[in-house]
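Numbering (my numbering), first residue to last: 182 to 720.
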């Protein structure tokens, strides 16, 4: 049973995917029901026949297997590998109907299993309310970044000088931020809540907002696969509607215009599925281009230029020839799949043109994706309530729903450093996370550092400014995550691991629960043995 009494573990990030499906969950304690069937289907069995009636379970959920013709529950490790193999193949075949196998980078679909987590309406409500409050708070902060001198946001969360100049230009020339916030994919951890209706509390540990498509299609196609396997006939529906996820994604672009996707060193996953989907299902002219192919031509336009890229010989778009003799086509809308360092290398004039055409909005990429934003939200709660941006209840939701985060240069950091000097054991309950990292890179756990190193790092954080060659961290409190009995590999036995959830927001609209991931290790990337699964709820 998941008890939440195990060793504290923290942030889990998505990384490069391993290829082999390896895990099933034995017991989800209170959060979810991991569904399985404990008998091998015969040739006459269809996926519909494999689902059995799910009992009403209130706020307590267990991990079960359903016999095809019975009512007793069993654990997946007690089921024959042949039975698991049959269901896995059916599920993976359904995933490949949504997107061809070659578009699942690293055979990522084989890392998913057709045994969803069952939540209840209280979980859905908790997550939706948290997401809505988060959007209101962050949107207000971003809108006031330059206009509210008293808030001193640029001083409290400084970015690079050239980035500041760009955001100031965007402030005066770009569309309003509200309604154009782009794609957010917060990651959240699970701790015990102590409440009867919903025994888990969700705490957001970071917001992934550098990429506009990350995880959206995994969620949509995974939910569609379960839907195709007939889950609705047995009293459950997907926790997220695949059509709603796709519709949210489509709010970023105009389907009548060509779409250019600027992709750099990031391997990417969903982008490889999006391109054929957009071409086949949306009849769009979509091209993946490199940063090196971008060009500017002087024009009477905002920023003094028009935006182009090198054109292929078979391009359907109108082309022009520049002074260098290059054939170019104009860029009207653009999606980004770039690291911050790749953005910085493009130059100010190029970024001006990108900022007026791109998703995610560069205010989202540079501010919302930054790990410091959670600490800033927590510091702003009183102001947000006083100015009636959020209600007192929403402030409580955010205080309870965000991992407590201390930002560099803050009074809270000074007090925290003094506390660590007085009580060295304090560091064992905290970690340091690089403000612009991803996939778990660079996280430092206090209980793995000497007191001298810990204090040295905290003292270095008293200066809040970003510097080349220096890693800037936030302090985050370790969450005592609930653990769940998980079978990671066919022959490895059951492990006791946490779950990490995600949810999706598009242009300020909450779209629903995303994927769950899990695996061994303190920093769990999917490449280190984890996998991904979807969620369902009872009708």
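Note that beta-carbon positions come from the ideal geometry of N, C-alpha and C, so glycine has one too.
What is the DSSP secondary structure of residue i, reduced to helix, strand or coil?
i, result
"residue 600", "helix"
"residue 217", "Because residue 217 carries a pLDDT of 47, less than 50, the predicted location of this residue cannot be relied on, and no value is offered for it."
"residue 648", "coil"
"residue 137", "Nothing can be reported for residue 137: it is not among the residues displayed for the chain, which extend from 182 to 720."
"residue 366", "strand"
"residue 585", "coil"
"residue 126", "This structure cannot settle anything about residue 126, because the visible part of the chain is limited to 182 through 720."
"residue 203", "The predicted model places residue 203 with a pLDDT of 37, which falls under 50 and marks its position as unreliable; any figure quoted below should be read in that light. It is coil, neither helix nor strand."
"residue 479", "strand"
"residue 292", "helix"
"residue 702", "coil"
"residue 569", "coil"
"residue 620", "coil"
"residue 676", "strand"
"residue 328", "coil"
"residue 373", "strand"
Taking all protein chains shown into account, do 16 or more other C-beta atoms lie within 10 angstroms of the C-beta of residue i, making it buried, or fewer, making it exposed?
i, result
"residue 614", "buried"
"residue 651", "exposed"
"residue 208", "Residue placement at residue 208 is poorly supported in this model, since its pLDDT is 39, which falls under 50; the coordinates still yield a value, given next. Per the 10 Å Cβ criterion, buried."
"residue 396", "buried"
"residue 567", "exposed"
"residue 167", "With the chain covering only 182 through 720, there is no way to say anything about residue 167."
"residue 655", "buried"
"residue 414", "exposed"
"residue 663", "buried"
"residue 666", "buried"
"residue 427", "buried"
"residue 262", "exposed"
"residue 434", "buried"
"residue 405", "buried"
"residue 499", "exposed"
"residue 354", "exposed"
"residue 529", "exposed"
"residue 282", "exposed"
"residue 589", "buried"
"residue 362", "buried"
In the DSSP assignment, the beta strand (DSSP E) including residue i goes from what residue to what residue?
i, result
"residue 554", "Residue 554 -> not in any beta strand (DSSP E); alpha helix (DSSP H) instead, spanning 553 to 560."
"residue 450", "Unbroken run through residue 450: none, as it is neither H nor E."
"residue 657", "654 to 658"
"residue 517", "515 to 518"
"residue 687", "680 to 687"
"residue 722", "Look at the range of the chain in this structure, 182 to 720, and you will see that residue 722 is not part of it."
"residue 756", "As displayed, the chain neither begins before 182 nor continues past 720, which places residue 756 out of reach and without an answer."
"residue 612", "611 to 615"
"residue 713", "712 to 714"
"residue 489", "486 to 491"
Who are the near neighbours of residue i in its chain, counting only those whose CB is closer than 7 angstroms to its CB and skipping five residues on each side?
i, result
"residue 349", "327"
"residue 339", "645, 646 and 647"
"residue 392", "518"
"residue 455", "394 and 398"
"residue 576", "562, 565 and 566"
"residue 678", "664, 665, 667, 699, 700 and 701"
"residue 611", "627, 656, 657, 658 and 659"
"residue 384", "369, 370, 372, 582, 583, 584 and 660"
"residue 273", "290 and 291"
Provide the residue span of the alpha helix (DSSP H) that contains residue i, from first to last.
i, result
"residue 274", "262 to 279"
"residue 343", "342 to 354"
"residue 634", "632 to 641"
"residue 579", "573 to 582"
"residue 720", "Careful: residue 720 lies outside any alpha helix (DSSP H) and carries neither H nor E."
"residue 529", "529 to 536"
"residue 335", "334 to 337"
"residue 312", "302 to 324"
"residue 547", "Per DSSP, residue 547 belongs to no alpha helix (DSSP H) and is neither H nor E."
"residue 522", "521 to 525"
Excluding the 5 residues flanking residue i on each side, which residues of the same chain have their C-beta closer than 6 angstroms to its C-beta?
i, result
"residue 718", "300 and 420"
"residue 628", "609"
"residue 386", "192, 368, 370 and 584"
"residue 432", "687 and 688"
"residue 382", "372 and 374"
"residue 546", "391"
"residue 625", "613"
Please go through the same chain and pick out, in chain order, the residues whose beta-carbon is closer than 8 angstroms to the beta-carbon of residue i, but skip the five residues on each side of it.
i, result
"residue 559", "579, 580, 583, 585 and 586"
"residue 573", "566"
Subject >> Ranges of the beta strand (DSSP E) found wholly within the segment 375 to 399, counting only runs of at least 3 >> reply: Fully enclosed beta strand (DSSP E) runs of 3 or longer: 381 to 389.
**OP:** At 4 residues or longer, and completely inside the segment 395 to 476: list those alpha helix (DSSP H) runs for me, N to C.
**Re:** Runs of alpha helix (DSSP H) with 4 or more residues, each lying fully within the segment 395 to 476, are found at 397 to 409, 423 to 431 and 451 to 462, listed in chain order.
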